[in-house]
């Protein structure tokens, strides 16, 4: 019986160690539309160390990081509203503990009938990267998972 307890304890320690060593390669992207103001806000949240690796700069060097971050996200995120390309509109970033939020803002958008969003964040660095996109537009909520092989989603309203 003691042998079984010992074996179970050892197995539990190994499983716990393995779970802690696992890297999760995900980013959460939230798409909100403020109908009253005509503002489309997109927020991408990911792990800071993974974003630093993709950007090639450390967040402690703010100006260098922001310049490289802006260039990186401009090449990895595209937005179309009603079939019209908006490109990206980088608005800023915020670092909190282990995560970083990147903000995009589009003003003066009215009568949204569709949004097409391409998000290829970190797919060039991690082949198992998943970008989870949550839409909250015109009282319609939906969530889609994008990967390196499928990095574009279109929603109609």
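In mature numbering (1 follows the signal peptide of the UniProt record, and there is no 0), the protein residues as written are -21 to -1, 1 to 136.
Beta carbons are placed, not taken as given, at the ideal position from N, Cα and C, and that holds for glycine.
Predicted model only: the values in this text are computed from it and were never measured.
Beta-carbon spacing of residue i, residue j below 8 Å
i          : j          : result
residue 25 : residue 79 : yes
residue 8  : residue 74 : no
Straight-line gap, residue i to residue j (C-alpha atoms, nearest Å)
i           : j           : result
residue 5   : residue 93  : 25 Å
residue 120 : residue 11  : 10 Å
residue 136 : residue 52  : 26 Å
residue 23  : residue 62  : 22 Å
residue 40  : residue 129 : 33 Å
residue 103 : residue 13  : 32 Å
Own chain partners of residue i with C-beta closer than 7 Å, once the 5 adjacent residues on each side are dropped
i           : result
residue 107 : 4
residue 68  : 83, 84, 85
Cutoff 8 Å; reference residue i; Cβ partners in own chain excluding five residues on either side
i          : result
residue 31 : 37, 38, 44
Span of the alpha helix (DSSP H) around residue i
i          : result
residue 41 : 41 to 55
residue 32 : 27 to 34
Any non-hydrogen atom of the ligand ATP within 7 Å of residue i CB
i         : result
residue 7 : This structure lacks the ligand ATP; in fact it carries no ligand of any kind.
Nearest neighbour of residue i, chosen from the options [CA to CA]
i          : options         : result
residue 90 : 98, 70, 117, 99 : 117
Terminal residues of the beta strand (DSSP E) in which residue i lies
i           : result
residue 66  : 63 to 66
residue 121 : 119 to 125
residue 92  : Unbroken run through residue 92: none, as it is neither H nor E.
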